[in-house]
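Below: the structure, in structure tokens.
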Amino acid sequence: MRVAVLNPMFGKDFTKSARWFARSRGRVQRHPDYLATAAGVLELNGHELLFMDSQAMNMPTPELIEKHLNDFKPDMTVYQATTPSIYADIESARLCKEAVGGMHVMVGPHVSAEAESTLRASDGAVDAVARHEFDYILRDLAGGTSIQDCKGVSYMDGDVYKENLDMPYIEDLDELPFPAWHHLDMNNYKDGAKLFPFVTAITGRGCRYRCSYCQIPQVMNGHTYRTHSVERVVDEMEYDKKIIPGLREVMFEDDTLTMRIARERLQLLCEEIIRRDLKLSWSANARVDLNDLETLRLMKRSGCRMLCVGFEFGDQKILNNTKKGTTIDQMYTFAENAAKAKLRIHGCFMVGGPEESRETALKTIKMSKELKIDTAQFTGVVAYPGTSYYEWAKKDGALIPKDWRDWVTDDYEQAPTINLDNLSNDEINELVDIGLREFYLRPTQMLRMLKNISSWSDVKAKYHGLRSFFGYFLGNGRKNFVGFTGNN
Numbered sequence: 471m472r473v474a475v476l477n478p479m480f481g482k483d484f485t486k487s488a489r490w491f492a493r494s495r496g497r498v499q500r501h502p503d504y505l506a507t508a509a510g511v512l513e514l515n516g517h518e519l520l521f522m523d524s525q526a527m528n529m530p531t532p533e534l535i536e537k538h539l540n541d542f543k544p545d546m547t548v549y550q551a552t553t554p555s556i557y558a559d560i561e562s563a564r565l566c567k568e569a570v571g572g573m574h575v576m577v578g579p580h581v582s583a584e585a586e587s588t589l590r591a592s593d594g595a596v597d598a599v600a601r602h603e604f605d606y607i608l609r610d611l612a613g614g615t616s617i618q619d620c621k622g623v624s625y626m627d628g629d630v631y632k633e634n635l636d637m638p639y640i641e642d643l644d645e646l647p648f649p650a651w652h653h654l655d656m657n658n659y660k661d662g663a664k665l666f667p668f669v670t671a672i673t674g675r676g677c678r679y680r681c682s683y684c685q686i687p688q689v690m691n692g693h694t695y696r697t698h699s700v701e702r703v704v705d706e707m708e709y710d711k712k713i714i715p716g717l718r719e720v721m722f723e724d725d726t727l728t729m730r731i732a733r734e735r736l737q738l739l740c741e742e743i744i745r746r747d748l749k750l751s752w753s754a755n756a757r758v759d760l761n762d763l764e765t766l767r768l769m770k771r772s773g774c775r776m777l778c779v780g781f782e783f784g785d786q787k788i789l790n791n792t793k794k795g796t797t798i799d800q801m802y803t804f805a806e807n808a809a810k811a812k813l814r815i816h817g818c819f820m821v822g823g824p825e826e827s828r829e830t831a832l833k834t835i836k837m838s839k840e841l842k843i844d845t846a847q848f849t850g851v852v853a854y855p856g857t858s859y860y861e862w863a864k865k866d867g868a869l870i871p872k873d874w875r876d877w878v879t880d881d882y883e884q885a886p887t888i889n890l891d892n893l894s895n896d897e898i899n900e901l902v903d904i905g906l907r908e909f910y911l912r913p914t915q916m917l918r919m920l921k922n923i924s925s926w927s928d929v930k931a932k933y934h935g936l937r938s939f940f941g942y943f944l945g946n947g948r949k950n951f952v953g954f955t956g957n958n
């Protein structure tokens with residue numbers, strides 16, 4: 471079968487593959503890693519593949535159809551969809567279906583949580599939704615299994631919504647091929663916190679933690695932790711280095727690479743990278759309960775350069791309310807030990823947990839400046855369908871949007887999704903911007919970032935980050951520097 475796997479464009483520089491679906495303040499563009507793995511599964515099973523990340527290319531769907539789809543003439547077309555882009559994604563499916571016919575399938579967290587509303591809104595443009603983990607659902611559909619008989623599929627039978635049994639989660643992830651990166655241009659993916667060019671990798675799926683706002687485990691991959699073998703992970707790193715010219719860094723996008731129960735596997739992974747003398751920098755998401763100095767030093771020896779760390783909130787009550795499962799003390803201990811291990815830390819901070827107030831949010835901003843970290847991002851918590859945070863916001867009357875498009879602004883920036891009793895959506899936006907300004911516009915922070923520049927890749931990454939930072943504040947009329955206290 472001829473299969474087109476598409477990440478259709480919504481808005482300029484919008485990010486459809488990140489945890490927050492928006493045009494990010496840092497103008498980050500992330501690789502469609504799960505989609506690339508599913509594309510690899512289709513190719514492995516003998517299907518002819520067209521894999522296009524139109525969003526990363528800022529290529530509108532009519533142009534995509536004219537330049538690529540009309541010539542390819544797919545039998546099945548797959549679309550990655552998100553909450554704010556869902557109507558545009560449906561329109562892309564409609565245009566493609568009119569142009570080339572065939573079967574049209576949507577994947578992603580939004581359509582997994584809102585399969586029926588998606589199918590009804592599509593009015594026939596989308597034939598099926600592949601819910602949750604979609605690799606083998608697409609394989610089976612492309613292999614000839616009917617929509618009515620394929621596990622994991624939702625569809626319409628006339629006016630009646632039908633939902634087949636779930637497709638079981640993939641137990642042995644080593645069965646999966648490497649992501650189909652050879653179809654994409656790695657120059658389209660930018661992130662000021664990473665060396666360029668970089669690529670993402672997923673070494674495990676599922677997360678045992680229950681953070682209320684985190685959509686991927688709740689909607690897509692579940693809470694059972696499944697992993698690639700250490701050897702398979704390093705094999706993929708070697709493969710990426712071979713096919714991506716000048717590759718400088720691999721970013722492990724797992725939710726749980728560093729969690730306590732996986733600590734031995736993490737150590738074995740570091741030892742395998744060292745044994746193969748890979749000479750490739752890597753970064754990873756990390757939790758603050760990784761406070762073992764010896765493990766951090768082993769990570770550094772194996773090529774770990776940077777950790778993206780979910781500190782989230784500077785108030786213990788808000789951490790507890792979002793079921794984060796960490797403590798303020800762990801944050802300071804982790805940051806101290808990571809600095810001793812000479813690892814760079816990118817801190818992730820949020821505003822808008824249940825019972826958040828201006829006072830608790832300012833504690834988060836204050837903590838971000840006290841921690842020994844190198845870069846930071848601030849965001850309002852987003853209530854995405856399928857999460858317990860979304861259900862709480864609806865039940866509590868805190869949810870703002872009345873329509874899926876309202877999840878982002880007219881400029882595709884993240885829009886506030888909640889109004890709290892003690893904190894309005896305008897105040898949340900203001901505090902996010904204050905956090906960014908107060909963290910970065912400090913002489914001590916600027917000096918730290920200058921000292922961290924050690925290569926041309928660092929220069930390019932920091933230039934992208936700096937341009938994005940000022941572009942966000944100066945180009946979007948965000949009250950610019952009102953509210954900046956200048957405190958160090």
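Residue numbering for the sequence shown follows the working numbering, beginning at 471 and increasing consecutively.
The beta carbon of each residue, even a glycine, is placed where N, CA and C say it ideally should be.
Residue i (DSSP reduced to helix, strand or coil)
i: residue 551; result: coil
i: residue 791; result: helix
i: residue 807; result: helix
i: residue 631; result: strand
i: residue 760; result: coil
i: residue 842; result: coil
i: residue 827; result: coil
i: residue 625; result: strand
i: residue 485; result: strand
i: residue 815; result: strand
i: residue 609; result: helix
i: residue 898; result: helix
i: residue 546; result: strand
i: residue 765; result: helix
i: residue 884; result: strand
i: residue 654; result: coil
i: residue 1008; result: Given that the chain is displayed from residue 471 to residue 958, the structure contains no residue 1008 and the question cannot be resolved.
Range of the contiguous beta strand (DSSP E) that encloses residue i
i: residue 719; result: 719 to 722
i: residue 755; result: 751 to 756
i: residue 575; result: 573 to 577
i: residue 564; result: Looking at the DSSP string, residue 564 is not in any beta strand (DSSP E); the run it does join, the alpha helix (DSSP H), is 556 to 570.
C-alpha distance - residue i paired with residue j, whole-angstrom precision
i: residue 770; j: residue 839; result: 24 Å
i: residue 758; j: residue 725; result: 12 Å
i: residue 633; j: residue 665; result: 43 Å
i: residue 603; j: residue 548; result: 14 Å
i: residue 662; j: residue 870; result: 31 Å
i: residue 667; j: residue 619; result: 42 Å
i: residue 914; j: residue 755; result: 25 Å
i: residue 476; j: residue 523; result: 6 Å
i: residue 705; j: residue 716; result: 18 Å
Proximity below 8 Å, CB of residue i to CB of residue j
i: residue 545; j: residue 573; result: yes
i: residue 589; j: residue 599; result: yes
i: residue 485; j: residue 474; result: no
i: residue 605; j: residue 697; result: no
i: residue 821; j: residue 850; result: yes
i: residue 760; j: residue 728; result: yes
i: residue 558; j: residue 648; result: no
i: residue 798; j: residue 844; result: no
i: residue 560; j: residue 595; result: yes
i: residue 650; j: residue 516; result: no
i: residue 623; j: residue 640; result: no
i: residue 707; j: residue 748; result: yes
i: residue 819; j: residue 801; result: no
i: residue 673; j: residue 703; result: yes
i: residue 677; j: residue 695; result: yes
i: residue 876; j: residue 834; result: no
i: residue 495; j: residue 750; result: no
i: residue 538; j: residue 514; result: no
Expected contact under 8 Å - CB spacing of residue i and residue j to nearest Å
i: residue 904; j: residue 853; result: Contact flag wrong, Cβ pair sits at about 22 Å.
i: residue 488; j: residue 497; result: At roughly 12 Å, the Cβ-Cβ gap does not stay under 8 Å, so residue 488 and residue 497 are not in contact.
i: residue 570; j: residue 540; result: 7 Å
Span of the alpha helix (DSSP H), counted from its first residue to its last, around residue i
i: residue 878; result: It is not in any alpha helix (DSSP H) - residue 878 carries neither H nor E in the DSSP assignment.
i: residue 780; result: Unbroken run through residue 780 is the beta strand (DSSP E), 774 to 782; no alpha helix (DSSP H).
i: residue 596; result: Taken as a continuous stretch (DSSP letters only), residue 596 belongs to no alpha helix (DSSP H), as it is neither H nor E.
i: residue 505; result: 503 to 514
i: residue 522; result: Premise fails: residue 522 lies in the beta strand (DSSP E), 518 to 522, not in any alpha helix (DSSP H).
i: residue 531; result: 531 to 534
i: residue 912; result: Careful: residue 912 lies outside any alpha helix (DSSP H) and carries neither H nor E.
Proximity test, residue i beta-carbon vs the ligand GTP heavy atom, cut-off 7 Å
i: residue 508; result: By its list of ligands, the structure shown contains no ligand whatsoever, and the ligand GTP lies outside what it can speak to.
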